[in-house]
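Everything below concerns the one structure shown next.
Residue numbers (my numbering): -7 to 593.
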């Protein structure tokens, strides 16, 4: 039984209400019972107390003129509802309630007896009242029933029922952008969002640093630099890493050309300063036992090409094997083994994960090629990690410096730029607004981690740490009014077993984005249904293609989708779906059906 009290001046005589004739199907009508006051401004305000022993006392006050909910503040006068207006309650069919107590609306709900009933709609009914109270108390969301469609198709409910996933594993929240909630299930339950976590990192950085923020990689020389008779510099060239997550092979080549154009071609030592970031190293095989996969790369203040190398394979039928070349074309990369050439149908997976692993030897860790592959697969490529970020930068820098006609007589080593050094050259990154497109559309983990470190360093000073970055994200969201209860950020990428957010909090963040001047920049960074990024193969039908902008999230036991849907009726809807379950991946078709349904409104 749930008791909700809303101040009201209207007297009400009825003692029973049902959904409108031909109204919502069980999932919507039971998962959300809407409380709406037909008045010039909707009355909604979270109470200061949460539900206790199955009862919720929810107080409301007049919202702002914009219609958006606001946080409660002690000492402010309560809003009034216009006298003579009508109060309207929407509840599930068959549920009984009564009005009493003059001057207020006190609704006592008794859930209907549904012995033996099964399915998503029935299961949602068991928790619908608590979810409604949570939405009001925890997030301050206005509650209303769907007005643009009179039912949720049974086919969508059936898709959920076929997944075999219990409703307790699902958090789902749908609402109009800047408007009322349409549907909510378990909105306050903390769940692992997988790569949807990247939206917290990218939005917080965009909000705090701005879309035009850039990273700078700088080269220095000693102001007392010494040269020999051949014009070779005897003092080191210093390279200061700026944490640029987008610095690639071509970008470093341009920087090297600019340095050499100033007359510096022959070097002794090269000192690389990585001190902007604290030492951030974890075993790249710790997360899933695949230390060679690029998504497991460690972030670094002086990272180039994301620390990965591309392997290009071509079948050599005459030699009976596969030839392999590398980009960047570094000298003697630590790669062992080979691929055998066979005939027949191609059985290679899309990622080629079965063709490589990492092995340990006396010389250290190396990438190992293994197995046989049919020539029918044709030429193909994939990225792999073959060494540390330090190794990759040193190898690429040396290869490029010498390819441009320079020489290095000493070593490339880590160190610090001395105070007496003077700046020689700066390489500026693309702007943040562009960089987050790669992070969100293609779910790049090491770039997201690097961005989190940058945010922490910019807000709280060097050296950057994950702890500073995580705190920066939480502080940013809290300032925007997002309820961060139950949140854990970890490394900002979602590649973690410990990350947690809530569907309600995520929807609050998306609402904040919707009302921001940076809205278009952020939404442009999301993957577009049937068009690009991680959504390019999902929802490709002409009717839905291009109408959804989402961040996806996938781990072995987590499946998530978060973003915006543009419906046929011109409205924009916020959709957040978080599933944590061993069979979580089975729920993608259910969520896609929800998107299709919203687009059709």
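Beta carbons are placed, not taken as given, at the ideal position from N, Cα and C, and that holds for glycine.
In this model, residue 208 and residue 422 are separated by some 10 angstroms (Cα to Cα). According to the DSSP assignment, residue 496 belongs to the alpha helix (DSSP H) that extends over 495 to 506. Burial state of residue 275 is exposed, judged by a 10 Å Cβ sphere holding fewer than 16 other Cβ atoms.
Secondary structure note for residue 177: its beta strand (DSSP E) is the uninterrupted segment 173 to 177. In this model, residue 564 and residue 503 are separated by some 11 angstroms (Cα to Cα). Contact between residue 544 and residue 435 holds: their C-beta atoms lie close to 7 angstroms from each other, under 8 angstroms. Under DSSP, the beta-bridge partners assigned to residue 314 are 307. Cβ atoms of residue 440 and residue 484 come within 8 angstroms of each other, at about 5 angstroms. Taking residue 452 as the centre and dropping the five residues before and after it, the same chain places the C-beta of 460, 463, 464 closer than 8 angstroms to its C-beta, in chain order.
Counting along the chain, the unbroken beta strand (DSSP E) around residue 209 starts and ends at 208 to 214. For residue 253, the enclosing alpha helix (DSSP H) starts and ends at 241 to 253. Per the coordinates, the alpha-carbon of residue 243 lies some 14 angstroms from the alpha-carbon of residue 206. DSSP places residue 403 outside any beta strand (DSSP E), giving it a letter other than H or E. Under the three-state reduction of DSSP output, residue 269 falls in the strand class.
In summary, residue 284 is buried, with 16 or more beta-carbon neighbours lying within 10 Å of its beta-carbon over all protein chains present. For residue 476, there is no enclosing alpha helix (DSSP H), since its DSSP letter is neither H nor E. In the structure shown, the three-state DSSP call for residue 428 is helix. Boundaries of the beta strand (DSSP E) around residue 349: 348 to 353. Nearest in C-alpha terms to residue 491, of all of 456, 190, 525, is 190. Between residue 290 and residue 279, the C-beta spacing is not below 8 angstroms.
Under the criterion of beta carbons closer than 8 angstroms, residue 263 and residue 228 qualify as touching, at roughly 5 angstroms.
Counting the other Cβ atoms within 10 Å of the Cβ of residue 158 gives fewer than 16, which makes it exposed. Sequence-distant partners of residue 526 (beyond 5 residues in either direction) whose C-beta falls short of 6 angstroms from its own C-beta, in its chain, are 435, 519, 544.
Counting only runs that start and end inside the segment 503 to 589, the alpha helix (DSSP H) elements of at least 4 residues fall at 511 to 515. In the three-state DSSP reduction, residue 294 falls in the coil class, being neither helix nor strand.
DSSP, reduced to helix, strand and coil, places residue 456 within a strand of the structure shown.
For residue 420, the uninterrupted beta strand (DSSP E) run begins and ends at 413 to 420, by DSSP. For the 8 angstroms CB-CB criterion, residue 299 and residue 292 form a contact. A check of alpha carbon separations from residue 246 across 396, 456, 551, 323 identifies 396 as the nearest. If you ignore the 5 residues before and after residue 547, its C-beta comes within less than 6 angstroms of the C-beta of 186, all in its own chain and listed in chain order. Taking a contact to require three or more Cβ pairs closer than 8 angstroms, the segment 338 to 358 and the segment 255 to 262 do not qualify as touching. When DSSP reads this structure, residue 168 sits in a beta bridge with 565. The beta-carbon distance between residue 373 and residue 304, rounded to whole angstroms, is 5 angstroms. This is short enough to meet the 8 angstroms contact definition. Going by C-alpha positions, residue 213 is about 41 angstroms away from residue 469.
In the structure shown, residue 375 adopts extended strand secondary structure according to DSSP, grouped into three states. Look at the beta carbons and you see the segment 168 to 180 not touching the segment 413 to 427: under three pairs across the two are nearer than 8 angstroms.
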